[in-house]
Each structure stands twice: as structure tokens, then as C-alpha cells.
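Encoded as C-alpha cells, the structure appears first; notes follow it.
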Amino acid sequence: MKLILVGPPGSGKGTQADMISRHYKIPHISTGDILRENIKNETALGKLAKEYVESGRLVPDELIIRLMRKRLKAPDCRNGFLLDGFPRTVDQAKELEKLEKIDMVFSLEVSDDEVVRRISRRLICRKCGASYHLDFKPPKKEGICDKCGGELYQRDDDKEEVVKKRLEVYREQTEPLLRFYDEKHILHRINGEQPIEKVFKDIQEIIEV
Ligand code: AP5
Numbered sequence: 005m006k007l008i009l010v011g012p013p014g015s016g017k018g019t020q021a022d023m024i025s026r027h028y029k030i031p032h033i034s035t036g037d038i039l040r041e042n043i044k045n046e047t048a049l050g051k052l053a054k055e056y057v058e059s060g061r062l063v064p065d066e067l068i069i070r071l072m073r074k075r076l077k078a079p080d081c082r083n084g085f086l087l088d089g090f091p092r093t094v095d096q097a098k099e100l101e102k103l104e105k106i107d108m109v110f111s112l113e114v115s116d117d118e119v120v121r122r123i124s125r126r127l128i129c130r131k132c133g134a135s136y137h138l139d140f141k142p143p144k145k146e147g148i149c150d151k152c153g154g155e156l157y158q159r160d161d162d163k164e165e166v167v168k169k170r171l172e173v174y175r176e177q178t179e180p181l182l183r184f185y186d187e188k189h190i191l192h193r194i195n196g197e198q199p200i201e202k203v204f205k206d207i208q209e210i211i212e213v
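Note that my numbering gives residue 179 to position 175 of the sequence shown, counting from 1, and the numbers run on in steps of one.
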């Protein structure tokens, strides 16, 4: 099963990807997580990507495509995968088409106001990347990740002005992807403004039809 999750920043891609990946036992591949890991470790890719990620712009297509070409060849992708945050442009989607046949694309639909509300209260684990929300998904122990005990922090690109830029970039460069996949009849629009479990249930119902 080869799946894609598309949606504006803070729409719940990472949250749902984590649940889908555990439930269906397929790897969760997040280009955002891979880029942040590279930035933290100051790799060559991280140095190239840093300025883009921190200002809310997209990392150039050729860098992302090179990264994903390699990642999708890994043995854990043999029985499927879930892509979170890739593709993000029509050009990335066309390149992906040359590598893999995608079964379903889920678009998590959330308003701009909700995005801001969610991101401003989001915390991320420094160690494993798990995502929390102070009101909707609080950690059991303040400041500590439930899964690995790592420290929780606020992402650099979650500052208000950067969030605005990310939203603008999403509407301009990523939203055209929805039409691309709709024309292929594999796009499913999901109301992302429901409780986390309900969003998951809606996705599950489509997968299991
Ligand atoms: P990336 O890491 O992909 O960020 P994003 O798309 O902006 O998405 P987020 O991670 O902010 O949000 P999410 O949708 O995963 O929401 P979450 O589940 O955390 O990319 C970062 C940057 O990397 C980009 O800006 C770009 O520079 C670069 N990049 C990445 N991929 C690229 C590519 N392919 N090409 C070029 N550049 C690329 O949820 C948010 C919050 O809401 C959490 O607190 C969560 O607990 C809460 N929440 C989730 N669901 C619900 C719900 N249903 N109700 C209430 N709260 C909820």
C-alpha cells in the first residue's frame, strides 16, 4: 500500500501518519523530519536546506527528489509506505510517478485559523520527532515525550511570521497537487478539523473499502 498525506502546515499529517504507519505496519517517511534531522546533524544536505526550512520556503525540488529517490529504494519500502510532506510541488509528483505507483492520496483540509491555533500550541520531541499539542494531545508529563522520554520543544519554523509564509507557500505551490491527483482519481479529501481519532477513522474507512 503506497499512500500520500497532503495538507497545510499543522493540518495533522504527522499525527495521522504516525497512526496509519503503526496500524498498517508501513514506514512513515516525512521529508520535514529528514530535513530537520540533517539540519541538526549539520550534514551537507542540512546546510543547504537550513535557510529554506527556517524561513518557511520549499527546499529546491532537485535536492528533495535526490533524497527521496534514495529513501524509496530502502528495503523497508518494499511492501509500501506512507509519504508525509512529499510531494509538495507538481514537479515532485511527476518525478515520484517515474519511481512508484501511488494507490491513494489523502488531503487533510483545515482552515488557516485552525492551522495557527494548532501550531502555536504544538510541541515536538527533540529525540524522536513525536508531535504533541498542549490542549488536544498533551504529553503525560510536562515537557517530556511519552514515547521516548526526550525533551519537548517548539520548532524554529513555528514562529507566527514563518507560519504565515508556510501557509502562503502551501496555497501557491502545493495546493495545485490536489488537482493533479484528482484527475488520476486517487485523491480523497478528509475533514481535518475533527478530533484526531475521527480523522483517522475516516482515512481507515477509505483504505479498507
Ligand atoms: P514539514 O515538517 O512537512 O511541515 P509542514 O507541512 O508545515 O507540516 P507540520 O509538520 O507543521 O504539520 P503536520 O501537518 O504534520 O501537523 P501535526 O500532525 O504536527 O516541513 C517543514 C519544512 O521542510 C517546509 O516548510 C519546507 O521548508 C521543508 N520541506 C519538507 N518537505 C519538503 C518537500 N517535499 N519539498 C520542499 N521542501 C520541503 O499537527 C499539528 C498540531 O496539531 C500538533 O500539535 C497536533 O498534536 C495537533 N493536531 C493534529 N491533529 C489534530 C486534530 N485533528 N485536532 C486537534 N489538534 C490536532
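We put the CB at the ideal spot given by N, CA and C, even for glycine.
- Between isoleucine 33 and phenylalanine 85, the gap from beta carbon to beta carbon is short of 7 Å.
- Cβ atoms of glycine 16 and valine 203 come within 8 Å of each other, at about 6 Å.
- Distance from the C-beta of glycine 154 to the nearest heavy atom of the ligand AP5 is not below 6 Å.
- CA-CA distance, serine 25 to proline 31, rounds to 6 Å.
- Under the criterion of beta carbons closer than 8 Å, lysine 29 and lysine 105 do not qualify as touching, at roughly 20 Å.
- By the C-beta density criterion, histidine 189 is exposed, having fewer than 16 other C-beta atoms within 10 angstroms.
- Boundaries of the beta strand (DSSP E) around valine 109: 108-113.
- Per DSSP, lysine 6 is one residue of the beta strand (DSSP E) stretching across 6-10.
- Within the chosen limit of 6 Å, the ligand AP5 does not reach the beta carbon of proline 180 with any heavy atom.
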